[in-house]
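Accompanying notes for the structure given below.
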Amino acid sequence: MARIQSALKAIIPILFCMPFSTPVQAELVGEVDTAFRWLGKDDRVVIEAYDDPKVRGITCYVSRARTGGVKGTVGLAEDRAEASIACRQVTETLHFTEKLPRQEDVFTERMSILFKRLHIVRMVDSKRNTLIYLTYSDKLIDGSPQNSVTAVPVMHATPIPVK
Numbered sequence: 099m100a101r102i103q104s105a106l107k108a109i110i111p112i113l114f115c116m117p118f119s120t121p122v123q124a125e126l127v128g129e130v131d132t133a134f135r136w137l138g139k140d141d142r143v144v145i146e147a148y149d150d151p152k153v154r155g156i157t158c159y160v161s162r163a164r165t166g167g168v169k170g171t172v173g174l175a176e177d178r179a180e181a182s183i184a185c186r187q188v189t190e191t192l193h194f195t196e197k198l199p200r201q202e203d204v205f206t207e208r209m210s211i212l213f214k215r216l217h218i219v220r221m222v223d224s225k226r227n228t229l230i231y232l233t234y235s236d237k238l239i240d241g242s243p244q245n246s247v248t249a250v251p252v253m254h255a256t257p258i259p260v261k
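As structure tokens, then:
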């Protein structure tokens, strides 16, 4: 009984904090069908929004292909490596929650059952007081050179805090 109580005392604070420490997740903004599939979802292009967790007021919009059919519906299909990104300041002022590293993965998502991932990387151009966001995909063996980049200039009155 004492073991159970001590285990609960250790677990309850962790469970209480979980809702406040959610990872960055994509929010589906919209999608368009590109190819009809008889079974399962159609092939489509989706547009997803990602809020930068360390820069409140920046949202990145990523468009990419999603494979449909039976394999795509159950998560076994491999999505194409192409993606396009556009990041914008969506609030009047930006708030930096902490100092930013010069380069950091902001978001990573699985694109296939086998080791293929989509990355969104934030880079800081201190000289121009600009945040740069890059999207690309990689694989365990060989990644794709296809990428997309966008830049968000920050007003000079708000210097970007860098580690």
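Residue numbers (the working numbering): 99 to 261.
Yeah, the Cβ is synthetic: ideal placement off N, Cα and C, and Gly gets one too.
This one's a predicted model, so the numbers in the text were calculated from it and none came from an experiment.
CA-CA distance, Leu198 and Ala133?
Straight-line measurement puts the Cα of Ala133 at about 41 Å from the Cα of Leu198.
Taking the alpha-carbon positions, what's the Arg215 to Phe205 distance?
Whole-angstrom Cα-Cα distance: 10 Å.
For Lys197, which three-state DSSP category applies?
DSSP places Lys197 in coil when its eight states are reduced to three.
I need the boundaries of the beta strand (DSSP E) containing Asn227, first residue and last residue.
Segment: none, Asn227 is in no beta strand (DSSP E) and carries neither H nor E.
What is the rounded straight-line gap between the Cα of Asp149 and the Cα of Arg135?
The C-alpha of Asp149 lies about 32 Å from the C-alpha of Arg135.
Grab me the residues of Glu196's own chain with a C-beta within less than 8 Å of its C-beta, minus the 5 sequence neighbours each way, in chain order.
Within the same chain, Glu196 has close Cβ partners Lys152, Pro259.
Within a Cβ cutoff of 6 Å, which residues of the same chain sit near His254, ignoring the five residues on either side of it in sequence?
Taken in chain order, the residues that qualify are Asn227.
Alpha-carbon to alpha-carbon, Thr256 and Thr233:
The C-alpha of Thr256 is placed about 25 Å away from the C-alpha of Thr233.
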